[in-house]
Amino acid sequence: MQYSDCNETYQFLLCQFLARRHVCALKKPLMSQDPNSPELEEKLQAAIQWIPTLRQEIGRVIVGQHYLVDRLLVGLLANGHVLLEGVPGLAKTLSIRTLATATAADFKRIQFTPDLLPADIIGTLIYSPKENTFHTRKGPIFANLILADEINRAPAKVQSALLEAMQEHQVTIGDTTYPLPEPFLVLATENPIDQEGTYPLPEAQVDRFMLKLKVGYPSKADERAILDRMSSTTPNLHVDAVTTLEAISEARKLVDDVFVDPKIRDYIVDLILATRDPAEYKLELGQYIQFGASPRATISLTLAAKAWALMQGRSYVIPQDIKEIGMDVLRHRVIPSYEAEAEEITSEDLVTSIFEAVRVP
49 MQYSDCNETY QFLLCQFLAR RHVCALKKPL MSQDPNSPEL EEKLQAAIQW IPTLRQEIGR
109 VIVGQHYLVD RLLVGLLANG HVLLEGVPGL AKTLSIRTLA TATAADFKRI QFTPDLLPAD
169 IIGTLIYSPK ENTFHTRKGP IFANLILADE INRAPAKVQS ALLEAMQEHQ VTIGDTTYPL
229 PEPFLVLATE NPIDQEGTYP LPEAQVDRFM LKLKVGYPSK ADERAILDRM SSTTPNLHVD
289 AVTTLEAISE ARKLVDDVFV DPKIRDYIVD LILATRDPAE YKLELGQYIQ FGASPRATIS
349 LTLAAKAWAL MQGRSYVIPQ DIKEIGMDVL RHRVIPSYEA EAEEITSEDL VTSIFEAVRV
409 P
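Structure, rendered in structure tokens:
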């Protein structure tokens, strides 16, 4: 073999080696892409060890309502706002207040009424005649957990005051923009009955809630436990702070490391696209859907599923996670048409049909 031939062979093998190493480097998974990484598993277990303790502490005050408490934790981990709908007396407000106390979070409650003004929420400029200057007085929006109680009681201009805060985590007072404390979470309640004097939430604002929860009545056993625990003139509602905002922030960072397989990602996209073009997925629902879910729903469903998987102690998402949390993400984003309302078909019926039709990977 001639020297030139050896040189060419060496160059060929060297190029192959470098190309293979480059491809391997591209394919090498990051920690967030390796669900079996011991390092990730250890970090995961350390980051979520406060969750069972928090559930237990909340259970000292809240009887049952595991669905509600778990979804509030999903919103807390996934950095998503939560809208709660249910009849009065189901411990919606008490659950949020207890969560704030148990997490040592700064908590503010805003009771929405027809005469509420935007300045009552975000704050305003106060003129001082003595100093001949304006001073900023911040509103109750400057807290970690905001309870917007009966949000549909206030007019649209007040509801819209939350838009910038919910989306950008900042508010503007006068000419100055102020960042909101982190973590920042809006938990809003609305009453489905007694609709006189209420203002339906605009779609633009409803879409900014990651989850919409429908809170139901307790079971017979839970009802009896509520009677035994709360039938007192001074019921014991004390809970201790069992975690910190720093621990919650660390767990939030770990949500980004939860692995989502490409097939699961395609499944999420198929679910969202099925709400917009049902015929593409052999669903005869086109006449019943006025508007499908937005791209924000794709992001919210992915984040919520990752947070749910983390709460189950897993570093990867499975299809059941999507199904478990999907209804809460989509029920307020799939808008039924007039034909659907005439036939008493709800958005939940439409979402259920979509989940049954779209093939699971």
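Heads up: the sequence shown at position 275 corresponds to 323 in the numbering used here, and the numbers run straight through without jumps. The beta carbon of each residue, even a glycine, is placed where N, CA and C say it ideally should be.
Nearest-angstrom Cα separation, counted from residue j out to residue i
i	j	result
Phe257	Ile366	23 Å
Ala273	Leu173	49 Å
Asp288	Ala150	6 Å
Phe190	Arg201	21 Å
Ile373	Phe403	12 Å
Ala345	Tyr226	28 Å
Arg381	Ser395	8 Å
Ala360	Ile144	For the record, residue 360 in the displayed sequence is Gln; it is not Ala. Roughly 22 Å between the two C-alpha positions.
Pro229	Leu193	10 Å
Leu92	Glu238	35 Å
Trp356	Asp369	7 Å
Ala196	Leu358	27 Å
Gln159	Glu89	42 Å
Leu120	Gln97	17 Å
Leu293	Lys156	16 Å
Ala167	Ala152	27 Å
Asp325	Leu349	18 Å
Thr282	Val219	39 Å
Asp309	Leu275	46 Å
Pro240	Tyr115	19 Å
Leu211	Thr291	29 Å
Where the beta strand (DSSP E) containing residue i begins and where it ends
i	result
Tyr226	Thr224 to Pro227
Asp197	Leu193 to Asp197
Arg313	Here Arg313 belongs to no beta strand (DSSP E); instead the alpha helix (DSSP H) covers Pro310 to Arg324.
Lys268	Careful: Lys268 lies outside any beta strand (DSSP E), inside the alpha helix (DSSP H) at Lys268 to Met278.
Phe257	Phe257 to Lys262
Buried or exposed by the 16-neighbour rule on C-beta atoms within 10 Å, applied to residue i
i	result
Gly334	exposed
Ala252	exposed
Ala327	exposed
Arg185	exposed
Gln207	buried
His129	buried
Arg407	exposed
Asn284	exposed
Tyr175	exposed
Lys140	buried
Thr224	exposed
Asp305	buried
Leu233	buried
Glu213	Residue identity check: residue 213 is Ala in the sequence provided, not Glu. So Ala213 ends up on the buried side.
Thr323	buried
CA nearest to the CA of residue i, picked from the options
i	options	result
Ala341	Leu228, Asp318, Leu195 and Met359	Asp318
Phe307	Thr394, Lys354 and Leu164	Lys354
Asn127	Thr282, Pro283 and Lys301	Lys301
Arg379	Pro248, Val254 and Leu358	Val254
Arg277	Ile194, Gln97 and Gly112	Gly112
Ile320	Ala295, Phe339 and Thr282	Phe339
Thr161	Ile199, Leu125, Pro231 and Ala167	Ile199
Leu164	Ala209, Ala148 and Pro177	Ala209
Asp376	Glu87, Thr101 and Gly123	Gly123
Ile316	Asp304, Leu351 and Val303	Leu351
Tyr364	Ile312, Ala322 and Lys371	Ile312
Pro203	His183, Pro248 and Gln215	Pro248
Pro250	Ala322, Lys205 and Gly137	Lys205
Leu125	Thr220, Glu87 and Ile296	Ile296
Endpoints, alpha helix (DSSP H) assigned at residue i
i	result
Thr237	Element bounds for Thr237: not the alpha helix (DSSP H) but the beta strand (DSSP E), Leu233 to Glu238.
Gln218	Not the alpha helix (DSSP H): Gln218 falls in the beta strand (DSSP E), residues Gln218 to Ile221.
Gly340	Segment: none, Gly340 is in no alpha helix (DSSP H) and carries neither H nor E.
Lys301	Leu293 to Val303
Ile144	Lys140 to Ala150
Glu389	Tyr386 to Ala390
His129	Premise fails: His129 lies in the beta strand (DSSP E), His129 to Glu133, not in any alpha helix (DSSP H).
Lys178	No alpha helix (DSSP H) contains Lys178, which DSSP labels as neither H nor E.
Gln97	Premise fails: Gln97 is in no alpha helix (DSSP H) and is neither H nor E.
Ile370	Pro367 to Leu378
Lys205	Ala204 to Gln207
Close-in-space but distant-in-sequence residues of the same chain around residue i (CB under 8 Å, 5 per side omitted)
i	result
Glu298	Ala95
Tyr336	Pro384, Ser385, Glu387, Ala388, Glu391, Ile393 and Leu398
Phe182	Leu173, Ile174, Tyr175, Ser176 and Gly222
6 Å Cβ shell around residue i - same chain, five flanking residues per side excluded
i	result
Gly187	Ile169, Ile170 and Gly171
Ala405	Tyr329 and Leu331
Leu131	Ala236, Phe257 and Lys260
His217	Leu228 and Phe232
Sequence-distant residues of its chain with Cβ nearer than 7 Å to residue i (five each side left out)
i	result
Lys262	Glu133 and Gly134
Thr146	Ile106, Val109, Ile110 and Val287
Val117	Arg103, Ile106, Ile110 and Ser143
Ser401	Leu331 and Leu333
Ile99	Leu121 and Met359
Ser267	Gly112
Residue-level contact to chain C via CB, residue i, 7 Å cutoff
i	result
Ile274	Within the model displayed, chain C is absent; a lone protein chain is all it includes.
Residue i beta carbon near the ligand HEM (any heavy atom closer than 6 Å)
i	result
Met359	In terms of ligand content, the structure shown is empty, and the ligand HEM therefore cannot be addressed.
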